[in-house]
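Protein chains in written order, with the working numbering: chain A, 1292 to 1477; chain B, 97 to 227; chain C, 49 to 140; chain D, 760 to 840; chain E, -16 to 258; chain F, 986 to 1471; chain G, 5 to 111; chain H, 1029 to 1524.
The C-beta atom is built at its ideal place from N, Cα and C for all residues, glycine as well.
Being a predicted model, the structure only gives us computed values, none of them experimental.
Following: one structure in structure tokens, then a few remarks.
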Amino acid sequence: MHTNEEKNLHHNQPEPAQTARSPLCFFPLLITFIMMFGLWLLLSGKFDPFHLSLGVISCALVAFLSSDLLFPSPILKGKLTVFLRWLCYLPWLTIELFKANLHVAYLVFHPRMMDLIDPRIIKFKSTLDSELGLVTFANSITLTPGTITVNVSLDGDFKVHAIDRASGDPLPGEMEIKIAKVFRKV
Amino acid sequence: MAELIPTIIAKYNYWIYITLMMIGLYAMIAKNNLVKKIVGMNIFQTAIILYYVSIGVKKGATIPISTGGHGAVHEAVHAADYLNPLPHVLMLTAIVVGVATLGVALALCLRIYSRYNTLEEDEILAQIRKK
Amino acid sequence: MDNIFLYSSLYLAFLMVLSLYRAIVGPSVLDRMIGVNAIGSKTTVMLILIGLLYQRVDMFVDICLAYAMLNFIAVLAASRYFHKRKGLSDEI
Amino acid sequence: MFWQIDLAILTLVVVTAVASLMVKDLLGAAILFGAYSFLMCLLWSIMGAVDVAFTEASVGAGVSSVFFVAAVFRTSRRTKD
Amino acid sequence: MKIIGLIITIITGAFLVYAAADFPAWADPNSPASTYLSPYFIENSMKDTSVPNFVTSLLADYRGFDTMFETTVIFTAGLVCFILLRISGGKEPETSHYRHVLTGVTVTLKKGHKIPESEDFERIDDLWTPPDLIIKTGCRLMIPFIQLFGLYVIAHGHSSPGGGFQGGVILGASIILLAISHDLRTALEKMREKVVAILCPIGVSIYAGTGALCLLLGVNFLDYSALASVLHVDPIAARSHGIFMVEIGVGIAVMTTMIWIYNNISSAGKYNQGL
Amino acid sequence: METITSIKPLLAVLVSLLVTPMLVSSRNPNVREGWTFVAAFIKLAIVASMVPAILQGTEIVYTVAEVLPGVAIKFKVDAFGMLFALVSSTLWIVTTIYSIGYMRGLHEHSQTRYFCFFAIALSATIGVAFSANLLTLYLFYEMLSFATYPLVAHHQDQEARSSGRKYLLYIVGASIALVLPAMLICYNLTGTLEFSKQGIFTGTESHATMLVLLLMLVLGFAKAGIMPFHSWLPAAMVAPTPVSALLHAVAVVKVGAFSVLRVLTGVFGIDLLARLNLGTVICYLAAFTVITASLIALSQDGLKRRLAFSTIGQLSYIVLGVALLSPKGVIGGMTHIAMHAFGKITLFFCAGAIFVATGKKNISEMVGIGRRMPVTMVAFFIGSLSVIGLPPTGGFFSKWYLVQGTLQADQWPMLVVLLSSSLLNAAYFFPIVYKAFFCTPEEAMFENRVEEAPIWCVVPLVITAAGTIALFFYPSLFLKLAELAM
Amino acid sequence: MDILVCILLFSGLFFLTAGSIGILRFPDFYSRLHPAGKLDTLGTLLALLGLALFNLQHFSLGALLTSLKIMLIIIFVFVASPTATHAIVDAGVRAGLAPWTKGEKRR
Amino acid sequence: MSQQYPALLVIVPLLSAFAISIAGWVNKRLCFPIIVTALSVVVYASIGLLLTVLEKGVVIYHLGGWPPPVGIAYYVDHLNGLVLVVVASVALLNVIAAKKSIEQEFPDKAGPFYTLYILMVTGLLGIVVTGDAFNLYVLLEIAALTGYGLLAMGEERAPLSSLNYLYMGTIGACFYLLGVGYLYIVTGSLNMVDIARLLPPLYQSRAVLAAFIICMVGVWLKMAFFPLHSWLPNAYTHATSAASSLIAPLVTKVMVYVMIRLILTIFTPEFAFATLALNNIVVWLAVIAIVMGAILALAERNLKKMLTFIVVAEIGYMVGGAWLGNRAGMTGAILHIVNDALMTLCVFLVVGNIVYKVKGYAFENLQGLFRKMPFTMGAFVVGAMSIIGVPPTCGFFSKWYLIVGALQAGHYGFMAALIFSSLVSVVLFFRIFEICYYEPFSDHHGHDQPPEPMDEAPLTMVVPLLIVAVILILVGLYTGDIVNHIIKFAIPEGLV
């Protein structure tokens, strides 16, 4: 990890200067603004000019402050498609969630629970490469039967805590494929 | 005894506030750790807030926000329908003061810790005495 | 319907007692965090229930929203503690 | 006001308060204090003090327990009582 | 000490119990507290200020003076934390760490050496740990919504619970969340220390300034009805707008103070590493 | 009685106070002492300018500020006050001359401080003399106490400091613990503190209250040295001699005696005291002090200590005279202030001159000193005559009046006390004089060569000795004033 | 409608109950996280859904918005809950807590 | 403009606090002129207000235009007019005097320090001027929080003592708040005058009794009255000189003012003295406070700590005087608020100057100070005389009234305690004079001892100090006027 000074300077090669303010930079702002304004309308429930103008100001403020949090890179190509696919993924997840919960609830109320469970930590490597994909996968794992993501690295190394053998086995399995579909390149 | 029980029941909020307050007070006096004392202090303050909010409660009343919309004065508002807003206002202030005090107290704790490397009062006093 | 809500809230309070048991007894800080987190999720439901009991749920929903948004900050902070200070018990 | 819920939560509040003072670990005390704040928030919404409850929700959940944890992080978790 | 504490506590408690026996019963609609002043506020709030949330009108108008000082208290707390903890400058540490953002390689430099100014390297500290991916992403997505919600709370304090203080806390909490989930440095880039330290008094000044504006317009301090001539509305609406201005001030002040206190406490005043 | 409002009393008080900044700021000692002289003469001039009016029976009044309802900081010049003020302002000039000689002769340190506090002390003394009510009196009394403390502890060594502490403890302690409450009780009972001939009490108060108040006030002015509050006086003799001279023969102790007299005549009133038969108590207290102090004085070897105990005894004469409650006695007491002042200051000057010239402090070391310092020892002789009360010195008159007073009051025991104490006085003064002049050459410790102290020391003591004798021939001014004060 | 609401609410309560009991019964910290992280989330989700439906009974724009806000809460819980769970488990790993394995005493 | 004085009194320092805070980040040199200007305006306004009150009687100011009891109102009567002038002028004099020491002790945080300073003044002025019981609590907290900050900036033990102060202060403020809550539950009002109007039928109520006692205990905690004084000496000793010379004169005195306000306005003397038979107990507590303060001061070998114990004793004076329950005692207590503020300021400024030059305040550090700093020590003598109670300094006259009150109430114990404490003060101060004057001493007559060079504190520190010393004497001389024209009207007719 700790390299010497010479080496690190090596990293700092003069790169082609990015276009500091390309027109693309305004798209995240705009999209954030629109999203925020939609949310504002939902929250506010008042549609008189006064409150609407307040909404515009607030949304502009938030967009200005935090658009880089929602969209770390200014490239927006395909984000919408991914989002729609992600929405389609949700119902499946909900069903899985149900199943998982019933499973855990069964464990909870089982009188001999201690014999049924057999906690273990499973490690595997995922092929997903996008950050959001990894997070979605990790959260889905957490929400589905008997498994909790313990650790994810950017390279896709997963550590998962499974409550019993049955719930740990299918990983990464079907879920990863579905998520990979969601986040595949457009 | 017979008439005591209704009194006790009718004012249980007040009894609980006293209990909480005494818990806080006791912690502030008897606890040895400075942060514990701060927790006690917060409990103490919350007890008072509880007391005030209890004053504002009224049977058969709703929260102190008018059901009529913003702006127009449509209908007469009946005072009996709404909770007493005054204690709420006072307690907003008190909560803010509580947070402010909390911040300052914690900052002081940090300073003390950086000097004495402990938060236990007796150890700090021992260190002072030793010097 | 009001009665259902009332008794549901009471039941939630009872569930809180159960979670609180873990929060109080829990052998490690992390168990307490679990307990407190569980109380938090029950509180969210209970706030809406109270709103319905008052028949002013439009007012209570804001509180609930704020609560749901901020509830986990404390848990995150506590977990960050373990990120930086390793070890369950403090260095003495 | 709904006295049944009120009473239940009041009891819980007292228990939590005592617990947060008895815990022999400052981080645990901070976390339990957070729970105390949640319960207080509930209590106030039960009593109809929405603004107070709102404040407590944002302060208790968002800020004051974080302050506690931050302070404990910068100092020490150790406590004798 | 424990015994003394117990004795004091028991005596005080017994005294309070003794006194509480004379209180009106809990939730009694005919108690003096419910019948003396509060009906005025409930019945006239709409007429006087056209604010349906009685708490807001009471907070910012009838008892606006209290609230001004409440904000000042918060400001004071921030300032006290700053003055107690902040260590400006300080001595240069023996070694400094830099991290290459793209590769994650950490570089350690001896004292005196500097790295050329570049966006690829960020300065980190010895306790630094990489932010957890899940937490980081989750919070990243939530923070803008939390901020919007905070603003919404400030803007809608008139008709629903909330107002400057709550909204301010939520806004502040969003930045604190950023500091927790990412890094204090990231949060500081969003809200620089100087910005915080200047915005905070400005927030309170908005409050006090609104009051002083009324005073300059020839009426008493904080009497918002005088704003009618400036805003070209009727006095009742002027009060409502006055309350709104005040709430904005409170919101700014509270938000910045919360960030300020958190920054100082979590980094023990050095501002180099947070929680 | 006529009253005139005039700022003169205030000026008289302030003159020496205002000169202190000049004293502090002047770098050259000659300039500094020049200022002292200027102030002294201005003060004397102001005081003297009021004498004619007083002799005509008028009173001069000046109110500074009304600080409490019914009580103001107020000056009133009456005959008695004038008597005292005249004595002290005259003697200040003399003492200043003497101080210059003494301080320069011994190369003392911190002379500026010395002269400053000297001036402040004088202001306070005049203030006490001119005060119109108990509060003003108390004010200047305290001011005097604090101003003399640095003078007492002037030498700064361990002994001086412990004496200073003792001095302060007695004086200030007694005044705060006794005078202040007594004053407040008076105020509470009567609502006023103004001195008046009839006293301020209506006479309805109980006997016990009055007795307690009287004792508190008389004993509380501890500067008067009435036993058991006397032991500060010998201790304070560590001070430089001019301080002892002026302050412990004139200003401080006389302020004490003056205050006691003021209280007896102005607060209680002679009539009330007589009616309640309270004088006797004071009488016996004073008589006890007189005899005891004289007896102790006999056994002292240090010259200044002997003089100090003599002072204690003489002060009680003054109190005794007034406590007899007979007109002659009162006149005797009052004039004794003046007469004793001149006599005793001469004695102290002599002691100082001896110390400056030879460095001797003890009587046993002074055998044959008259041969070396004849002028000084002659003056000493004249002074001791005055203190004993023999003609041709002023002291004779006061003692004469005192004896008459005892007869007038039918207080035979007091007569015995007076006479026996005179004998005792003689017994402790004459041996000194005798040994100074009449001793065999073998016994003499000094060479037979005249070698006096510096001229600045000798001139003052000659002046005061001359004054003592002059008072025998021209006592009328003081007698007149004392009669007017009755 | 009421019945649907009740079913949703009660099933929500059921899951919440399971969560609470699970927290109590499970042997160690990691396994306790399973009920806490999952059951509570689903329970909250269902209960809130039921309440949102109930709120829609007297339909108006305000009621609709309120219900939507409740849905918003659900979304937040949905995002926040796994994050919090993950944070806790991460803390446990960093603190060096070994997972419970079969046959050990419960902690 | 004159009808806006009450608002100006609070608004000007408040706004300037924010201005200073911003200026601290922009240009540090602006801070000091702003604070001096603001405090000058405050002094001007307070004097104007006092004159208005003297001329026209009570001034009422409706904040927000809402008449009380709906809104918050400011009442300025003779009592708080007087205290206002004292607070404002003490703050102004102190800030001028403290400039140099602030620059010396923490040059980089001068801006925030000034901000806290003026916020504290704002809080204290607000406490004095407000007519609303709850508003008083908020202002109390402002004054307290700034106080914690100011006190904690001192030496290394300062944070600990400040934290103790914080605990105590919070309990005190909360008790006060609780007392107000008790009043609110039985009357439904928060306005002081309104409460006083509603209370008489409720005098027998246990809640009112409890409210009174709780409020009193809270205020006593804040002012460090005897059994509750333990936080004060440490907190004041370890603070920086600029902070302690603001806080020591003002905070406790303002708390005494609050107590008197509670007794006179809210609960009325009839209730406080007649219905409750607590006088004796409290006065005896005050007696113990005075005696203990004096004795503990005697045991200290450290100038500043000694002075803090004297502050404790002085609090005993005021509380005892107020609780004697008669006119003279109350007059004495009110007068002593003024006098004690001034004389504490005087001695603490002296300590500030000494610290500035000598860097210490233990007795060993004081040797030879009379030569080194003659003006400072001259002022110290005046201050000391005032504390001892020597006429014509003002300390004597308040003591006079207190003793008269004690005599009228027949409370000889209190009188004895006052006299005892005067005696002890004599010992205390002359011990210091001796050290400052005569040490290092030499047993021979010391003529050849080279005099130490004069090394006086800078002019900005000495001049305010001398002004204070002169004021001490002037106030003493004009006591009669103050009592007859101001304090007489401050005490209700009902109190005999």
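- In this structure the region 821 to 835 of chain D does not lie against the region 767 to 782 of chain D, because fewer than three pairs of beta carbons, one per stretch, are closer than 8 Å.
- The region 1373 to 1386 of chain H makes no contact with the region 1309 to 1322 of chain H: fewer than 3 CB pairs, one atom from each, lie closer than 8 Å.
- In the displayed model, residue 104 of chain E falls within a strand according to three-state DSSP.
- Annotated three-state conformation of residue 1475 of chain A is coil, per DSSP.
- Within chain G, the residues 38 have their CB atoms less than 7 Å from the CB of residue 1437 of chain A, given in chain order.
- In this structure, DSSP gives residue 839 of chain D a state outside helix and strand, which the three-state scheme calls coil.
- Taken in chain order, the whole beta strand (DSSP E) runs of length 3 or more contained in the region 1406 to 1463 of chain H number zero.
- When Cβ-Cβ separations below 8 Å define contact, residue 125 of chain E makes contact with chain G.
- Distances from the CA of residue 114 of chain B to each of B/143, B/136, B/126, B/133 were compared; the closest alpha carbon is that of B/143.
- Distance between residue 1403 of chain H and residue 202 of chain E, taken at the CA atoms: about 48 Å.
- At a cut-off of 4 residues, the continuous stretches assigned as alpha helix (DSSP H) that sit fully inside the region 1294 to 1356 of chain F are 1312 to 1343.
- Neighbourhood of residue 67 of chain C in chain G, by CB distance below 7 Å: 24, 27, in chain order.
- Chain H places no beta carbon closer than 8 Å to that of residue 118 of chain B, leaving this residue out of the contacts.
- The Cβ atoms of residue 792 of chain D and residue 249 of chain E lie no closer than 8 Å to each other.
- DSSP, read as helix, strand or coil, puts residue 1329 of chain H in coil.
- By the 16-neighbour rule on beta-carbons within 10 angstroms, residue 1084 of chain H is exposed.
- Under the DSSP assignment, residue 1185 of chain F falls outside any beta strand (DSSP E); it carries neither an H nor an E label.
- For the options F/1265, F/1068, F/1038, F/1125, the alpha carbon positioned closest to that of residue 990 of chain F is the one of F/1038.
- Contiguous alpha helix (DSSP H) elements confined to the region 1200 to 1278 of chain F occur at 1217 to 1220, 1226 to 1230, 1237 to 1247, 1255 to 1261, taking only those with 4 or more residues.
- At a C-beta separation below 8 Å, residue 1166 of chain H has these neighbours in chain E: 49, 52, 53, 56.
- Residues of chain G whose Cβ lies closer than 7 Å to the Cβ of residue 118 of chain E are, in chain order, 87, 90, 91.
- Non-local C-beta neighbours of residue 1287 of chain F in its own chain, meaning closer than 8 Å and more than five positions away in sequence, comprise 1222, 1346, 1347, 1348, ordered along the chain.
- Taking CB atoms only, residue 58 of chain C has a neighbour in chain D less than 8 Å away.
- Take the alpha-carbon of residue 1022 of chain F and the one of residue 1444 of chain F: they are about 16 Å apart.
- The beta carbon of residue 1220 of chain F is closer than 7 Å to those of 1148, 1151, 1152 in its chain, skipping five residues each way along the sequence.
- Against chain E, a Cβ distance below 9 Å from residue 83 of chain G picks out 121, 124, 125.
- Taking 8 Å as the CB threshold, residue 115 of chain E lines the interface with chain G.
- If you ignore the 5 residues before and after residue 1186 of chain H, its C-beta comes within less than 7 Å of the C-beta of 1179, 1180, 1266, 1267, all in its own chain and listed in chain order.
- Non-local C-beta neighbours of residue 224 of chain E in its own chain, meaning closer than 8 Å and more than five positions away in sequence, comprise 207, 210, 214, 216, ordered along the chain.
- Assignment of residue 1088 of chain H by DSSP, reduced to helix, strand and coil, places it in the strand class.
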